[in-house]
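**Student:** Structure in structure tokens, see below.
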Amino acid sequence: MPNATRTSRAPLHRKMPMPGSSASTAAECERKQGVSERQRRGQRRDTATSQDGDIESGEEIGPSRLSGAKRHQKQQRKKEDSNRSVASKEAEALAELSQSPAKAGAKAQEQDQMKKSKNKAEHPEEEQNRDRKVKSNGADAQASRTKPPHNKDKKLQPPTASKVNSPADKNKNKGGRKPKKQVFESYRSFEEVSHGLKRGELHQGQLRINPKKYTEGFIPSPDDTRDIFLDGIVARNRALNGDIVVVQILPREQWKVVKSDTDCEGASESETQTDHLQQTPQRKTTRAPSAGVTAKDPSGEVDELVSKCQSTSISDAGRPLEDPSTSQSNEGILQKTAKVVYIVEKKHSRAVTGFLKFLPDKPFAMFSPVDHRVPRINVPLTFCPQDFSSRPADYASTLFICQITDWAADSNFAEGQLVKSLGQAGEIEPETEGILTEYDVDFSEFSDEVLDCLPKNLPWTIPPEEIRKRRDLREECIFTIDPATARDLDDALSCKQLPDGNFEVGVHIADVSYFVEQDNTLDAVASQRATSVYLVQKVIPMLPRLLCEELCSLNPLSDRLTFSVIWKITPEGKILSEWFGRSVIRSCVKLSYDHAQSMIEAPEKLFSPDELPPMDPVHPVDEIHQAVLNLHSIARNLRAQRFSGGALRLDQLKLSFTLDKETMMPQGCYIYQYRDSNKLVEEFMLLANIATAHHIHRKFPELALLRRHPPPKVKMLDELQELCSQLGIDVDFSSAGALHKSLNTVVGHDEYSSARKEVLTHMCSRPMQMALYFCSGVLKEEEHFKHYALNVPLYTHFTSPIRRYPDIIVHRLLASSLKCGPHLSLSTEEVEKLASHCNNKKTMSKRVHEFSSDLFFGVFVKECGPLDSEAMVMGVLDKSFDVLVLQYGVQKRIYCKLLADLVSFHHHKVGKKAELRLVWKSEDPESPPVEQTISIFSLVEVQLRTDASPLKYSAVLKRPESGES
Numbered sequence: 001m002p003n004a005t006r007t008s009r010a011p012l013h014r015k016m017p018m019p020g021s022s023a024s025t026a027a028e029c030e031r032k033q034g035v036s037e038r039q040r041r042g043q044r045r046d047t048a049t050s051q052d053g054d055i056e057s058g059e060e061i062g063p064s065r066l067s068g069a070k071r072h073q074k075q076q077r078k079k080e081d082s083n084r085s086v087a088s089k090e091a092e093a094l095a096e097l098s099q100s101p102a103k104a105g106a107k108a109q110e111q112d113q114m115k116k117s118k119n120k121a122e123h124p125e126e127e128q129n130r131d132r133k134v135k136s137n138g139a140d141a142q143a144s145r146t147k148p149p150h151n152k153d154k155k156l157q158p159p160t161a162s163k164v165n166s167p168a169d170k171n172k173n174k175g176g177r178k179p180k181k182q183v184f185e186s187y188r189s190f191e192e193v194s195h196g197l198k199r200g201e202l203h204q205g206q207l208r209i210n211p212k213k214y215t216e217g218f219i220p221s222p223d224d225t226r227d228i229f230l231d232g233i234v235a236r237n238r239a240l241n242g243d244i245v246v247v248q249i250l251p252r253e254q255w256k257v258v259k260s261d262t263d264c265e266g267a268s269e270s271e272t273q274t275d276h277l278q279q280t281p282q283r284k285t286t287r288a289p290s291a292g293v294t295a296k297d298p299s300g301e302v303d304e305l306v307s308k309c310q311s312t313s314i315s316d317a318g319r320p321l322e323d324p325s326t327s328q329s330n331e332g333i334l335q336k337t338a339k340v341v342y343i344v345e346k347k348h349s350r351a352v353t354g355f356l357k358f359l360p361d362k363p364f365a366m367f368s369p370v371d372h373r374v375p376r377i378n379v380p381l382t383f384c385p386q387d388f389s390s391r392p393a394d395y396a397s398t399l400f401i402c403q404i405t406d407w408a409a410d411s412n413f414a415e416g417q418l419v420k421s422l423g424q425a426g427e428i429e430p431e432t433e434g435i436l437t438e439y440d441v442d443f444s445e446f447s448d449e450v451l452d453c454l455p456k457n458l459p460w461t462i463p464p465e466e467i468r469k470r471r472d473l474r475e476e477c478i479f480t481i482d483p484a485t486a487r488d489l490d491d492a493l494s495c496k497q498l499p500d501g502n503f504e505v506g507v508h509i510a511d512v513s514y515f516v517e518q519d520n521t522l523d524a525v526a527s528q529r530a531t532s533v534y535l536v537q538k539v540i541p542m543l544p545r546l547l548c549e550e551l552c553s554l555n556p557l558s559d560r561l562t563f564s565v566i567w568k569i570t571p572e573g574k575i576l577s578e579w580f581g582r583s584v585i586r587s588c589v590k591l592s593y594d595h596a597q598s599m600i601e602a603p604e605k606l607f608s609p610d611e612l613p614p615m616d617p618v619h620p621v622d623e624i625h626q627a628v629l630n631l632h633s634i635a636r637n638l639r640a641q642r643f644s645g646g647a648l649r650l651d652q653l654k655l656s657f658t659l660d661k662e663t664m665m666p667q668g669c670y671i672y673q674y675r676d677s678n679k680l681v682e683e684f685m686l687l688a689n690i691a692t693a694h695h696i697h698r699k700f701p702e703l704a705l706l707r708r709h710p711p712p713k714v715k716m717l718d719e720l721q722e723l724c725s726q727l728g729i730d731v732d733f734s735s736a737g738a739l740h741k742s743l744n745t746v747v748g749h750d751e752y753s754s755a756r757k758e759v760l761t762h763m764c765s766r767p768m769q770m771a772l773y774f775c776s777g778v779l780k781e782e783e784h785f786k787h788y789a790l791n792v793p794l795y796t797h798f799t800s801p802i803r804r805y806p807d808i809i810v811h812r813l814l815a816s817s818l819k820c821g822p823h824l825s826l827s828t829e830e831v832e833k834l835a836s837h838c839n840n841k842k843t844m845s846k847r848v849h850e851f852s853s854d855l856f857f858g859v860f861v862k863e864c865g866p867l868d869s870e871a872m873v874m875g876v877l878d879k880s881f882d883v884l885v886l887q888y889g890v891q892k893r894i895y896c897k898l899l900a901d902l903v904s905f906h907h908h909k910v911g912k913k914a915e916l917r918l919v920w921k922s923e924d925p926e927s928p929p930v931e932q933t934i935s936i937f938s939l940v941e942v943q944l945r946t947d948a949s950p951l952k953y954s955a956v957l958k959r960p961e962s963g964e965s
């Protein structure tokens, strides 16, 4: 029977609803298996939004259950309920401890004195011989399960330690059967953990697992030096990627010897920051291409770069030691190792995509997750399709979602239930739904309760009394500049020349907080989603469509409510005065970046109305053209001042797609060009965000929601400095500004200079940390508020409230400070929890976007490949190397052992500089073998080919010609 009909012919024995997110408390998250019938409806398929990707470098399974699982669920509830009242208090107390690094890490130097090391177990081998190749990405993503402060009684999820010693577990060994050997240690008690953290004997952090080598785990060191290494699955003690765990340092003789500080980073995912790059289930090894992102709002400059660059180098540090027994080699560095003794919070969703395998004579099937960092899962046959036992081959390529329900201490395998059949692996929609589910993205329809919070009388008009409260700017020449297909227009610009030769420049942002009132149902859902999630083919919105695309969107020729920042500014970019306030505008035209770019490139041209979108006749074309030119001139001056003042920009190549309007499949792809029109908008969004940060911090020094970017890790920076010196590259790492200047001067000026800059940018991103939202009242030292990449003392997000929840909070703070809105109803602690939650969701959103791009590029390679391209080597390991594929901007790893016609390869490293010498079989049997040297910046020829795994592709190194080496 054809695959397309299997699901309808052989439905699951138990109904498996579509997963989604629920507004109910997270305490029941592990028992939820679906959502309501309403939430099953088709999702938005928007291909056009104004989300351009942040350029600053910087949900759960729904409430309904499977009907056939009642007995199992009842038992599960009984186990959970018996511990909930105590565990919620424990987790919250530990969270408070974790918020005080001084308390938890004050005695980090006493770690070697610890004597407890119980029940050492052998490393299980359940991860071996998987049925499917690893799908992994170089950046851990974490989808936060933290509820927003609106649910003020919400506590952190309790650890699962109780399951290890529960009565149900004890009863398993009754009846004369031989007790099963315990694989994992029992978790410590809350009291033991609390005391251990206070004494500095235990340490808390976020677990990240190397997606290329799933036996390796890491948590950040409390003294911010080398990461702490968790060697093997047993050491992780059933914790999954992204979980907040407590670890005990092992005796010194069990520490790991590494060759460099870089190796200590293991998963080069400094994405372990509590909110950036802390991803849950990751899937692919390489940095996914970014789908048509442009640089509009600078709120992601360092974040985006680092997340993408680091994702490629994820296992650079994860290579095995030649001889771990040699505790001190000539250049060896000792890295502390540890084991997990407690799980504070399960950040990982425990929902995974994968495949079912039939096991003869067993009452369960084996579920093999696509992500190898998740254990294989035993699924009772009662939760499998009705005919799975009789026709297992029919489901060999069917992608399922499975929810882990338990993982006993005496088992290598977890237990779980199927939640949904997604369809055939290799199809974009099933794969996309699987990614969304794994990352706890709530892609359900908005409930009637949420929609009831919106205006009822449509078409809606602004009440006259509201207009009277605001500054009326409807007669001004105000316009938007966005991607051509954008629908959610949340920012507009104005520029009017004054009689004294200066300019009045305005940034006008959609007043979303007018429609999203504090603490109502819409606010609760928006805060939980925290961000819109942008896929290649659609967007999962933070707010209902009526707000995103209509009432809040600054559509042309429509009266709209806004929050404005208006400056009097000199042509050179010096700010003379500043005004904040609520306003009402009427955009005169919706310009695309292409339109604005055309105006910038042809300053003398008289544009006809036919060359531009429909516009308000009150403002002629030449008035708009002149305003764009004036903004461009001021923006260039602002930009020059920023970089001369010490700012850093780390650019990345970004892949965009053209899609078939009917099938939504890729017709082509191209590297997105970041042009002057993008830079124009970026400068004024940065200016508005910086100005707003200073304003709200001045008015609310204990409550301001800000954004900081810590400086890079010193030890890794020192290592990189040494590597660059050995490569003959003079890079100045003394400051962000010095680094920016170096990146633009040391790469040369030939046809490959941009490629060398991209590779160097990748190298420089590894020591970088991630930008974070935080509450100003939590960090006492204002020095820690600084944004390293932007080189400013205060920064926040104000300019994208349609797609980012932190911006809504900032708008409320701004309104309260101006006496034109209610006081923010959150405490300092609640703002900090919200900041952490938004960090988690922002990271998750980036990961999902990258996976979506990777899926579409996989389709493109499948349909149009194989694709030949030049590539530049980005990093060299002992048995593989990473390349940047120049034509498409994607990064791939090439494994020497998989290269046909390769006779041998040899790895050589002097200091920090590594080389691979490849020996190829000659095409002419009479000729000697061809040698090829692979080192950083080497140019090679590669071919992108489709893998055996659906929608996956790999890069194959092409054999050099005889004269090449």
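What the sequence shown shows, in full-length UniProt numbering, is residues 1 to 965, in sequence order. Just so it is clear, CB atoms sit at the ideal spot from N, CA and C, and this is done for glycine as well. Keep in mind it's a predicted model, so treat the numbers as computed, not measured.
Span of the beta strand (DSSP E) holding Cys402?
**Tutor:** Residue numbering aside, residue 402 sits at position 402 when the sequence shown is read from its first letter. Looking at the DSSP string, the run of the beta strand (DSSP E) that includes Cys402 is 398-406.
**Student:** Report the option in Asn839, Arg707, Cys775, Ser845 whose CA atom is closest to the CA atom of Pro793.
**Tutor:** The residue labelled residue 793 in the question sits at position 793 within the sequence shown. With distances taken between Cα atoms, Pro793 lies closest to Arg707.
**Student:** Give the secondary structure of Thr761 by DSSP, where H, G and I count as helix, E and B as strand, and everything else as coil.
**Tutor:** Sequence index remark: in the sequence shown, residue 761 carries index 761 (1-based). Reduced to three states, the DSSP call for Thr761 is helix.
**Student:** Identify whether Phe367 lies in helix, strand or coil by the three-state DSSP scheme.
**Tutor:** The count along the sequence shown starts at 1 and reaches residue 367 at position 367. Here Phe367 sits in strand by DSSP.
**Student:** Suppose the cutoff is 6 Å on Cβ atoms and the five residues either side in sequence are ignored; what does the same chain contact list for Ala143 look like?
**Tutor:** One-based indexing of the sequence shown puts residue 143 at position 143. Any reading at Ala143 must be qualified, since the residue scores a pLDDT of 34, below 50, and its modelled position is unreliable; the value itself is stated next. Taken in chain order, the residues that qualify are Thr280, Ser349, Tyr439, Asp440, Met844.
**Student:** Is the separation between the beta-carbon of Leu606 and that of Leu591 shorter than 9 Å?
**Tutor:** The sequence position of residue 606 within the sequence shown is 606, counting from 1. The sequence position of residue 591 within the sequence shown is 591, counting from 1. In this structure, Leu591 does not lie closer than 9 Å to Leu606 by Cβ.
**Student:** Leaving aside the five residues before and after Val746 along the sequence, list all residues of the same chain whose C-beta is less than 7 Å from its C-beta, in chain order.
**Tutor:** The sequence position of residue 746 within the sequence shown is 746, counting from 1. Cβ neighbours of Val746 beyond the five flanking positions: Ile729, Asp730, Val731.
**Student:** Along the alpha helix (DSSP H) that carries Cys495, what are the first and last residues, could you check?
**Tutor:** Position 495 of the sequence shown, counting from 1, holds the residue named residue 495. Here Cys495 belongs to no alpha helix (DSSP H); instead the beta strand (DSSP E) covers 491-497.
**Student:** Can you grab the Cα-Cα spacing for the pair Cys402 / Glu702, in whole Å?
**Tutor:** As a first step, residue 402 must be located in the sequence shown, where it is residue number 402. As a first step, residue 702 must be located in the sequence shown, where it is residue number 702. If I take the Cα positions, the gap works out to 43 Å.
**Student:** Just to check my reading of the structure: Ser852 and Leu535 have Cβ atoms closer than 8 Å, yes? What is that Cβ distance to the nearest angstrom?
**Tutor:** As a first step, residue 852 is located in the sequence shown; it is residue number 852 there, counting from the start. As a first step, residue 535 is located in the sequence shown; it is residue number 535 there, counting from the start. About 4 Å separates the two Cβ atoms, so the contact holds.
**Student:** According to DSSP, is residue 991 helix, strand or coil?
**Tutor:** Residue 991 cannot be examined here, being either before or after the span of the chain that is shown, 1 to 965.
**Student:** Alpha carbon to alpha carbon, how far is Cys384 from Arg376?
**Tutor:** Counting from 1 along the sequence shown, the entry for residue 384 is found at position 384. Counting from 1 along the sequence shown, the entry for residue 376 is found at position 376. Taking the straight line from one Cα to the other gives about 16 Å.
**Student:** Just list the residues that DSSP pairs Gln424 with in beta bridges.
**Tutor:** Sequence index remark: in the sequence shown, residue 424 carries index 424 (1-based). According to DSSP, which records beta bridges pairwise, Gln424 is partnered with Thr398.
**Student:** If contact is defined by three or more beta carbon pairs under 8 Å, each pair taking one atom from either stretch, is the stretch 205-217 in contact with the stretch 242-260?
**Tutor:** yes
**Student:** Near Ser935, which residues of its chain fall below 8 Å by C-beta distance, leaving aside the five closest residues on each side in sequence?
**Tutor:** Here residue 935 is taken as the residue at index 935 of the sequence shown, counted from 1. Once the five neighbours on either side are set aside, the close Cβ partners of Ser935 are Val873, Val876, Lys913, Ala914, Glu915, Leu916.
**Student:** Verify whether the separation of the beta carbon atoms of Asp511 and Arg560 is less than 9 Å.
**Tutor:** Working through the sequence shown from its first residue, we reach residue 511 at position 511. Working through the sequence shown from its first residue, we reach residue 560 at position 560. Result yes, Cβ atoms of Asp511 and Arg560 sit closer than 9 Å.
**Student:** Just to confirm the assignment, what range does the alpha helix (DSSP H) spanning Gly858 have?
**Tutor:** Taking the first residue of the sequence shown as 1, we reach residue 858 at position 858. Per DSSP, Gly858 belongs to the alpha helix (DSSP H) from 828-864.
**Student:** How would you write the range of the alpha helix (DSSP H) that Lys715 sits in, first residue to last?
**Tutor:** Along the sequence shown, one-based indexing puts residue 715 at 715. Note, Lys715: alpha helix (DSSP H), 714-726.
**Student:** Can Glu578 and Arg642 be called in contact, C-beta distance under 9 Å?
**Tutor:** Within the sequence shown, residue 578 is the residue found at index 578, counting from 1. Within the sequence shown, residue 642 is the residue found at index 642, counting from 1. Not closer than 9 Å, so no.
**Student:** Compute the beta-carbon to beta-carbon distance between Leu381 and Ser389, rounded to the nearest angstrom, for a pair I have assumed lies under 8 Å.
**Tutor:** For the purposes of this step, residue 381 is taken as the residue at position 381 of the sequence shown. For the purposes of this step, residue 389 is taken as the residue at position 389 of the sequence shown. That pair is a contact at about 6 Å.
**Student:** Specify whether the stretch 510-527 and the stretch 539-546 touch according to this definition: at least 3 beta carbon pairs, one from each stretch, less than 8 Å apart.
**Tutor:** yes
**Student:** Considering only the alpha carbon of each residue, which of Phe479, Leu653, Arg959, Glu427 lies closest to Ile624?
**Tutor:** Along the sequence shown, read from residue 1 onward, the residue named residue 624 stands at position 624. Of the listed residues, the one whose Cα sits closest to Ile624 is Phe479.
**Student:** Residue 969 bridges to which residues according to DSSP?
**Tutor:** As displayed, the chain neither begins before 1 nor continues past 965, which places residue 969 out of reach and without an answer.
**Student:** Does the Cβ-Cβ distance between Thr761 and Val861 come in under 9 Å?
**Tutor:** Locating residue 761 in the sequence shown gives position 761, where the first residue counts as 1. Locating residue 861 in the sequence shown gives position 861, where the first residue counts as 1. No, the Cβ-Cβ distance between Thr761 and Val861 is not below 9 Å.
**Student:** Would you tell me roughly how many angstroms separate the C-alpha atoms of Leu720 and Thr933, rounded to the nearest one?
**Tutor:** As a first step, residue 720 must be located in the sequence shown, where it is residue number 720. As a first step, residue 933 must be located in the sequence shown, where it is residue number 933. Approximately 22 Å, taken between the alpha carbons.
**Student:** My parser needs the beta strand (DSSP E) runs of 3 or more residues fully inside the stretch 603-666; what are they?
**Tutor:** 655-659
**Student:** Taking the alpha helix (DSSP H) that Gly737 belongs to, which residues open and close that run?
**Tutor:** Taking the first residue of the sequence shown as 1, we reach residue 737 at position 737. Gly737 -> alpha helix (DSSP H) spans 736-743.
**Student:** In chain order, what residues of the same chain have a beta carbon less than 7 Å from the beta carbon of Glu961, not counting five sequence neighbours either side?
**Tutor:** Walking along the sequence shown from the start, residue 961 turns up at place 961. No residues qualify anywhere along the chain.
**Student:** Where does Thr570 sit, in a helix, a strand or coil, going by DSSP?
**Tutor:** As a first step, residue 570 must be located in the sequence shown, where it is residue number 570. DSSP places Thr570 in coil when its eight states are reduced to three.
**Student:** Give me, in chain order, the residues of the same chain whose beta-carbon lies closer than 7 Å to that of Arg804; leave out the 5 immediate sequence neighbours on both sides.
**Tutor:** To locate residue 804, count along the sequence shown from 1; it is residue 804. So the qualifying residues of the chain are Thr531, His797.
**Student:** Can you have a look at Leu957 and say buried or exposed, based on whether 16 or more other CB atoms are within 10 angstroms of its CB?
**Tutor:** By one-based count along the sequence shown, residue 957 stands at place 957. With 16 or more other Cβ atoms within 10 Å, it is buried.
**Student:** Can you find the residues in the same chain that come closer than 7 Å, C-beta to C-beta, to Glu549, ignoring five residues on each side of it along the sequence?
**Tutor:** Residue numbering aside, residue 549 sits at position 549 when the sequence shown is read from its first letter. So the list reads Arg487, Asp488, once near-sequence residues are dropped.
**Student:** Is Ile228 near the ligand GDP, with its Cβ less than 8 Å from a heavy atom?
**Tutor:** The ligand GDP is not part of the structure shown, which contains no ligands of any sort.
**Student:** Just the Cα atoms here: how many angstroms apart are Val516 and Leu473?
**Tutor:** Position 516 of the sequence shown, counted from the first residue, corresponds to residue 516. Position 473 of the sequence shown, counted from the first residue, corresponds to residue 473. Approximately 23 Å between the Cα atoms of the pair.
**Student:** Would you kindly check if the distance between the Cβ of Gln254 and the Cβ of Thr337 is under 9 Å?
**Tutor:** For the purposes of this step, residue 337 is identified with residue 337 of the sequence shown, where counting begins at 1. For the purposes of this step, residue 254 is identified with residue 254 of the sequence shown, where counting begins at 1. Gln254 is positioned such that its CB atom lies closer than 9 Å to that of Thr337.
**Student:** Residue 1005 to Arg529, Cα distance in whole Å?
**Tutor:** In the structure as shown, the chain starts at 1 and stops at 965, and residue 1005 therefore has no counterpart that could be examined.
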